[in-house]
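Trainee: Sequential numbering of the sequence shown, starting at 55, is according to our numbering.
In this text, a Cβ means the ideal position worked out from N, Cα and C, and glycines have one as well.
Before I ask anything, here is the structure I am working with.
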Amino acid sequence: MKKDKREIILKAYVTKKEYCQIKLLAKQTGFSVSEYIRRILNGQRIESRLDQEAFLSALKVNADLGRLGGLFKYYLAQGFKKVPPSEIRKVLHDIEDRQRQLRPVISKIRDMV
Numbered sequence: 055m056k057k058d059k060r061e062i063i064l065k066a067y068v069t070k071k072e073y074c075q076i077k078l079l080a081k082q083t084g085f086s087v088s089e090y091i092r093r094i095l096n097g098q099r100i101e102s103r104l105d106q107e108a109f110l111s112a113l114k115v116n117a118d119l120g121r122l123g124g125l126f127k128y129y130l131a132q133g134f135k136k137v138p139p140s141e142i143r144k145v146l147h148d149i150e151d152r153q154r155q156l157r158p159v160i161s162k163i164r165d166m167v
């Protein structure tokens, strides 16, 4: 498939603040300013790399919480008789650690919205 040569320049006047915002948004997507504007003008969906990174981080921590929750559920099913108290404390501590890891990720996602 032959790519069309881009030879027409579009010109738009923006404020410095608008220009900085456009540059920032382009950087967050990983595109050049030109590519970012082209995609916006063509109605293409733009996804931020930061959104994707935050989402993947949240998925990883959530998976850890799921595994730890399953382990804790197993300990509960055992009636704590076969499991040493130190092991139960360790799992609870690990769950708290993962929750602490998840808070900044959720804050980052919330700030982007």
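1) Am I right that Arg143 and Leu122 are in contact with their C-beta atoms under 8 Å? What's the rounded C-beta distance?
2) State buried or exposed for Val115, treating a residue as buried only when at least 16 other CB atoms are found within 10 Å of its CB.
3) Between Val145 and Gln132, what straight-line distance do the alpha-carbon atoms span, to the nearest angstrom?
4) Buried or exposed for Ala80, please, with buried defined as at least 16 other CB atoms from any protein chain shown within 10 angstroms of its CB.
5) Rounded to the nearest angstrom, what separates Leu110 and Thr83 at their Cα positions?
6) Taking Cβ positions, are Ile160 and Ala112 nearer each other than 8 Å?
7) Would Ile100 pass as a contact of Arg92 if the rule is Cβ separation under 8 Å?
8) Are there 16 or more other CB atoms within 10 angstroms of the CB of Ala108, so buried, or fewer, so exposed?
9) Using DSSP with H/G/I as helix, E/B as strand and the rest coil, what is Val68?
10) Whole angstroms are fine: how far does the CA of Lys65 sit from the CA of Tyr73?
11) What first and last residue would you give for the alpha helix (DSSP H) that runs through Ser86?
Mentor: Let me lay it out:
1) That belief does not hold up - the Cβ atoms of Arg143 and Leu122 are roughly 13 Å apart, past 8 Å.
2) buried
3) 15 Å
4) buried
5) 16 Å
6) yes
7) no
8) buried
9) coil
10) 13 Å
11) Per DSSP, Ser86 belongs to no alpha helix (DSSP H) and is neither H nor E.
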